[in-house]
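Residue numbering for the sequence shown follows the working numbering, beginning at 1 and increasing consecutively.
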Amino acid sequence: MINKEKNSSALIVLIPSLLVALILQIVHLPTFLSDNRPDLLTLIILYFSMTNRIKLSLELAFFVGLTVDLITGSPLGIHVFTIALQVYLISSQFNFEKYKIYQQVLIVAIVNLVTNCIGYWLEHLIGQRYYEINFLYPALITALCWPLIYLVLQILCATFSVVTEKDNID
1 MINKEKNSSA LIVLIPSLLV ALILQIVHLP TFLSDNRPDL LTLIILYFSM
51 TNRIKLSLEL AFFVGLTVDL ITGSPLGIHV FTIALQVYLI SSQFNFEKYK
101 IYQQVLIVAI VNLVTNCIGY WLEHLIGQRY YEINFLYPAL ITALCWPLIY
151 LVLQILCATF SVVTEKDNID
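(1) Mind checking Asn112: buried by the 16 CB within 10 Å criterion, or exposed?
(2) Do the segment 145-161 and the segment 37-45 touch if we need at least three Cβ pairs shorter than 8 Å?
(3) Using C-beta distances below 7 Å, list every residue in its chain close to Leu58, excluding the 5 sequence neighbours before and after it, in chain order.
(4) With a threshold of 7 Å on Cβ separation, who are the neighbours of Gln104 within its own chain once the five nearest residues in sequence on each side are excluded?
(5) Does DSSP classify Val162 as helix, strand or coil?
(6) Consult DSSP for Ser9 and reduce its assignment to one of helix, strand or coil.
(7) Please return the same chain residues whose Cβ sits closer than 7 Å to the Cβ of Tyr137, not counting the five positions on each side in sequence.
(8) Leu233 and Val68 look like a contact to me (Cβ under 8 Å); what is the Cβ gap, rounded to whole Å?
(9) Can Ser17 and Ser49 be called in contact, C-beta distance under 8 Å?
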């Protein structure tokens, strides 16, 4: 039910979508699917930082990355670094909402690939991961999931009448 008179906070959509993405991040899947899992948490944070619906996107990326590190048992700081770096690079270096969707997919793919390479390299340096080439597929799958995540979150924000920070100022 759409309520057009009352504007809602972005937290109504952000928190449940992050919880669903976190559950999908830690659920046990077969090895092929587990190795090629898209980075849905980063895409959700990226959407909300891109549309200016939240102000603290880097802090949120830090908290979500720390949560993923603690839940999955990976080295502390790897997910924090990769998620925060992706959100920082895309939100500060690109005027992301001005690009067409296929250009956004390309930007997400390149930034995700670079940060995944850095993350795998850091894990290899501390002895947690051996050299593999399987970080290419998750970056491609994450980029291909971007239009779907964007569309679903647009629909959810419209359904719950979530407005941007710019609209709150006016």
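For glycine and all other residues, C-beta sits at the position ideal for the given N, C-alpha and C.
Given the structure is predicted, the values throughout are model-derived calculations rather than measurements.
So, from the listed chains and residues:
(1) Residue numbering aside, residue 112 sits at position 112 when the sequence shown is read from its first letter. That one is buried.
(2) yes
(3) For the purposes of this step, residue 58 is taken as residue 58 along the sequence shown, with counting starting at 1. So the qualifying residues of the chain are Ala84, Val87 and Tyr88.
(4) Along the sequence shown, read from residue 1 onward, the residue named residue 104 stands at position 104. So the qualifying residues of the chain are Phe96 and Trp146.
(5) Residue mapping note: residue 162 aligns to position 162 of the sequence shown, counting from 1. Val162 falls in the strand class under three-state DSSP.
(6) Taking the sequence shown and counting its residues from 1, the one referred to as residue 9 is at position 9. If DSSP states are grouped into helix, strand and coil, Ser9 belongs with coil.
(7) Along the sequence shown, one-based indexing puts residue 137 at 137. The residues are Asn36.
(8) The requested residue 233 is not part of the displayed model; the chain covers only 1 to 170.
(9) Sequence index remark: in the sequence shown, residue 17 carries index 17 (1-based). Sequence index remark: in the sequence shown, residue 49 carries index 49 (1-based). No, Cβ-Cβ distance for Ser17 and Ser49 is not below 8 Å.
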